[in-house]
Every structure is written in structure tokens, then in C-alpha cells.
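Note sheet for the following structure.
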Amino acid sequence: MAYQVGVDLGTTWTAVAVCRSGGPAELVQLGERAPAVPTVAFVGDGGEFGIGEIAERHAAAEPARVVEEFTRRIGDRTPIVVNGEPVAPEALAARFVGHLLHRVAAQEGGPAAGVALTHPAAWGPHKLGLLRDGLAGHGLPGVVLLPEPQAAAIGYASVARVEPGSVIAVYDLGGGTFDAAVLRTADRAGGVELLGRAEGIDRLGGLDFDEAVFEHVQAELGDEWDGLDPADGMVLAAVAGLRRECIAAKEALSQDTEATITVALPGVHRLVRLDRARFEEMIRPAVEETVAALGRAVTSAGLPGGVVPTVVLAGGSSRIPLVRTLVERELGLPTAAGIDPKGVIALGTALAARDANPASEPSTTVTTTADDVLPAESPALVPPPVGVRPFREPDAARPRGRLPVVLGAAASGVLALVIGGSLFAYVAQNQPVTPVGSTAVASTPASTSPGAPRPAPPAVAPPTAAPPAARPQPREQPPQEVRRTTVAPTPAAATTTTAPPEEEALQPEGTTAPPDDGDREGAGDRAADGDGAGDGGGDGDEAPPVAADPPADEVENGETAPPATEG
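Following the UniProt record's numbering, the numbering of the sequence shown begins with 1 at its first residue and continues without gaps.
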């Protein structure tokens, strides 16, 4: 039986759906406890490769071989180092997708006739080109690349059976990124068209809310936390369990009004309570920033009077009650009910694969023998395994890839820990990093002078009783024509790093694509998580070929720009 596959490759979770014989999309059960699997990879000796829960279990014994959050690193010229070997993030992502497709093929009895894969709306041609090359290197040259908001709109339209011509606004808050866009369902089946501009915040999501809860616990422990020994393996393992408790508490607060976090550290045994009101106070500035971005997307759509889009809440973090409250209250927009935020994007991606690959015979083959290891062209900045950050760091050297979390009770010594399966690693060397702001697919006018600083991202409020930050107001923009540009996906070329067909389709004919902040990073410090500071005025679309190895001072966040125009 012919079938097509849609893969929603998220920062923290990946979901897969299939369409069989031209029928509706259905989620595939791949995780041990849920359809989605953790976006975590294990790279062993002799080509051994594992994903999801299997990879997480390897972290305890072999943390240097386990990697998470690697999709955030795509576009970074500094490779990920796995067990001492440099690996390109896009190669790791492609291998992860290939492994998923093999598991689906085993369930379905053969390879898929077509595959579609999601990506953040903020990604530009350079990052998409790298991902295409990685996929082609693993026997997947015809994968359709689809912006996440488009996939969410297609999925919602199929589930809710909306009428052609309906306007849908997508609010997609996942584990690591945020996207917002307004789309209209086309007259033909499965098609949608982008209205106005999509908005994106490249490094904001549920991971940052996990961190806010963890910082809250640190502040509650006070001196007891400061007395922990970061070199003690028992401490590191116990803190890993504490971080899992914090994640569980965050998720519980979407249903309950209070959660209890069990602290079981060497010499420290306590219960820390966190209620929903306090949690929402901590994350409110970040959520307000996402709502403001959605407001800008709606304004840019130039909708005629009387047209009110329904907002589709997608991504696991959109389940937080504060999200729905602020969208409805601050923007006055209705939100769709009865939608699975973790599955709607995968469903839409599978439908896009079906429409782009109606062939009845399988046309996709997956190669798993491609060499993922890159030659060490320059000294690699070794990132901690499994996203591990140092136990303690000087304030000036603290990584700021995620939202800054201010600790009122621990301002003199910042403690930072990130889970590594059930084990933490202590990293002795730190790289100073400057905060990175949000990235919009099409941003409002800003300074384009060389070296112009990028605005800092919204801060999660400290765990002290401070009033919440003022809500950012959507920027007023002049009325615009409704931009009816069909963005139905088409198969991409196998090995190009230029603008992909899907992304070009997002721009109306006769216009110039707006600057892509995600592909226009200025020169500056490079961080272990592949992000850095600086925002110049160059165009990331003119990045040189991937094979070129530019000087270190011309590389930032994996993007290369001409030194004459980038700061």
C-alpha cells in the first residue's frame, strides 16, 4: 500500500504521521509512552545509532555519545562534537529522520512514496540548503521542506473541516522556537496561502520555561544549593533527577493549580511548591512577546474589516493556560478548541507530502551508511554532551542561548545545570556569550548599520515578587494588500544551498524577499550551543557555499556574510 510520511522535527520532540492510499493523515506510534519521540540521538561505535528514549537511556553510561537540541545548531559552522568526533548538525538531523523513516517502513511494510519535513518559519535559504544537503547525503533528496505554521494550518483545516477561503492564524510555541503566521485555506484541497508576513522567535520555547522552574527551585534552596559540590558525581546525578521533576511540574501546571517538586539531593531533602499563578508570573514576559509577535503577523495580513481569524494553538508549550488567555484577551481573537497541539503539525505535514507525491509507487529510499563524521578543518568548539551546561559559571561567561533567568536570591553566583539523561557533566571551560534576541521572518525596520546590537530577548521574571513586565504592544503598520501567494509544497532539489522552492513561494511574485534575521547573524562570539550575538545589515541569502571555510571572525550562528557589510 502506497503511503506518504510527514515528520515534525522539533527541538525537543518529533512526531510522525502517515497518509495511506490518499486517505486522511494519522499519527504513528513511535514513542514508548506517546506517539512522539524525544529529539535525542545516540551515536555509538561501528555505526550504531539510536533515537528517542533509547538514546536517553544511553546518557547515563555514555553521555559523550548522546546529543539533544541539535536542530538548534543547524546553520552553525562549528560542528557538534560527539565522543571526540565533529559531526555536522544537519547530518545528525538527517540521520535522525532517516532512522524514523526506517521504523515507519518496518510498520508499513515498505518505504514511503513521499516525505515532508517541517522547519521553523524563521529559517532562510542558507539553513534550508544545509538541511537539504544533509538529507541528500542520507538518500533523501526529494524531501519536501515545509514551514511549521503552514503545516499547522493544513492539519487544522483537515481536522476541523474548515471551508475554503477561511482565515487561520497559527500560534506555534514548541520546545525551542516560536512561529506565528496568518494563512488562508485555498479553494483546492490541501492548499493554504500566506497572508502578510510570518513572525518567528528563533530561541524561545518550553525549554526556557523548564529553566525558569529550575531557577525557582535554586532560589528556594538558597545556601543549601550553594553548598553542593559540582564535582561530585552523586550530586550531578541527583540534580538530573531534580531537573526532570521541574519539567514534570511545569507540565502538571497546565492542568493543576499547584505542583510539588521533590528535591532529593545529597544532604538536601525538601519539597518545593509552585502554584500556577507564580509560574505564570515568571513566564509572562516571554509569553507576552509571543502574543505581540502574533499580533504583528495579523496586522501584516491586512485583513478586511469583519474578518477575524481563528487562532490554532500548536506546539506542546501552547497548552499553558496563560497562552490561550493572553491571545483571547489581548488580541481579541478566538482560539480553536479540540486540537492536539503536539500532533496537528505532523498531520498537516503528512497531508502536504500526500499532495506533493501522489505517486502510487514508493519513491523514497533511505541510506544509513553515509559518513556523518566531518574532517576537523578548524579546532572545534566542543559543546557539552546532551546539552550539558557547567554546574557553576562566572556571571560574565554564562551562556545566554535561552532566555535569561534572573535569580534574586543567587545574583552573586549563577548556577546552571542542564539534564544529561540521568547524569550531569561538569564542564571546566566556558565561552563568553552575549544574549541573542528574537528572529522574525520579516521584521519591522531596524538599524542596519554594521555591528548594530540585536535587542535582547524577553526575560523570564525572577522568582521574587516583582510586578510583571509591561505587555509589548504590536507595532502599527500601514494597511497592506492581502498577499495571496500559494505555498503548496513541491519536492526540493537534492543538493542546493540556494533559496528552496517552498520558501520562494512564500513571497509574492514581483517582490523581494524580506531580510531573514535568522540567516543574517553578524560576526561575533560563537557559543557552544551554536548561537551568538550581533546583527548586521547584510543579507543572509547571499551566504557563500557551505564548502567555503571563512575566517573565524566572519562566522556567526553558522551563517557567513561579506565582511564589508556585517559587523
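Cβ atoms here follow ideal geometry from the backbone N, Cα and C, with glycine treated the same way.
| Asked | Found |
| --- | --- |
| Span of the beta strand (DSSP E) around Phe49 | 49-51 |
| Sequence-distant residues of its chain with Cβ nearer than 8 angstroms to Ser21 (five each side left out) | Met1, Ala2, Tyr3 |
| Cβ-based burial, Pro89 [other Cβ within 10 Å; buried from 16] | buried |
| C-beta contact flag for Val7 and Leu100 at 8 angstroms | yes |
| Rounded C-alpha distance that separates Ser318 from Thr260 | 22 angstroms |
| Helix, strand or coil at Gly200 according to DSSP, with G and I counted as helix | strand |
| Local Cβ density within 10 Å of Arg296, reported as buried at 16 or more and exposed below that | buried |
| Counted within 10 angstroms of its Cβ, other Cβ atoms place Thr12 as buried (16 or more) or exposed | buried |
| Span of the alpha helix (DSSP H) around His126 | 125-136 |
| Minimum Cβ-Cβ distance from Arg284 to chain D less than 8 angstroms | The chain inventory of the structure shown lacks chain D, comprising one protein chain alone. |
| Residue burial classification, Gln150 (beta-carbon count within 10 angstroms, cutoff 16) | buried |
| Beta-carbon separation (whole angstroms), Val5 vs Ala112, contact threshold 8 angstroms | 4 angstroms |
| Ile154 vs Thr177 beta-carbon contact at 8 angstroms | no |
| Spatial neighbours of Gly330 in its chain, beta-carbon cut-off 6 angstroms, leaving aside the 5 residues before and after | The question names Gly, but residue 330 is Glu in the sequence shown. Val291. |
| At least 3 beta-carbon pairs within less than 8 angstroms: the segment 272-285 vs the segment 225-235 | no |
| Any alpha helix (DSSP H) of 4 or more consecutive residues that is wholly inside the segment 306-363 | 321-331, 344-356 |
| Environment of Gln107 [buried if 16+ CB atoms lie within 10 Å] | exposed |
| Arg270 - containing beta strand (DSSP E), residue span | 268-275 |
| 8 angstroms contact criterion, which His138 and Gly98 should meet: CB distance rounded | 5 angstroms |
| Ser443 (DSSP reduced to helix, strand or coil) | Legend: pLDDT at Ser443 = 38, less than 50; position of this residue unreliable, value from coordinates given subsequently. Correct three-state label for Ser443: coil. |
| Nearest candidate by alpha-carbon position, reference Pro285, set Gln255, Ala264, Leu322 | Leu322 |
| Val327 versus Asp210: straight-line alpha-carbon distance, rounded | 22 angstroms |
| For Val18, the first and last residue of its enclosing beta strand (DSSP E) | 13-20 |
| Sub-8 angstroms separation of Ala121 and Glu85 beta-carbons | no |
| Pair within 8 angstroms by beta-carbon distance, Thr349 and Ala55 | no |
| Selected residue, minimal CA-CA separation from Glu69, among Glu48, Arg95, Ala41 | Ala41 |
| Per-residue burial, Arg132 [other beta carbons within 10 Å of its own, 16 or more giving buried] | buried |
| Where Pro38 sits in the DSSP three-state scheme | strand |
| Continuous beta strand (DSSP E) stretch holding Asp8: start and end | 3-9 |
| Through-space distance from Pro266 to Leu9, alpha-carbon basis | 37 angstroms |
| Start-to-end residues for the alpha helix (DSSP H) that takes in Gly98 | 89-108 |
| CA-to-CA distance, Pro141 to Leu135, given in whole angstroms | 6 angstroms |
| Coil, strand or helix - Gly524 by DSSP | Note on Gly524: pLDDT 38, under 50, position unreliable in the model; the coordinate value appears next. In this structure, Gly524 counts as coil in the three-state DSSP scheme. |
| Inter-residue spacing [alpha-carbon to alpha-carbon] between Gly191 and Ala352 | 8 angstroms |
| For Leu183 and Val170, believed in contact at Cβ under 8 angstroms, the rounded distance | 7 angstroms |
| Residues of its chain near Met234, where Cβ-Cβ distance is below 7 angstroms and the 5 sequence neighbours each way are ignored | Pro266 |
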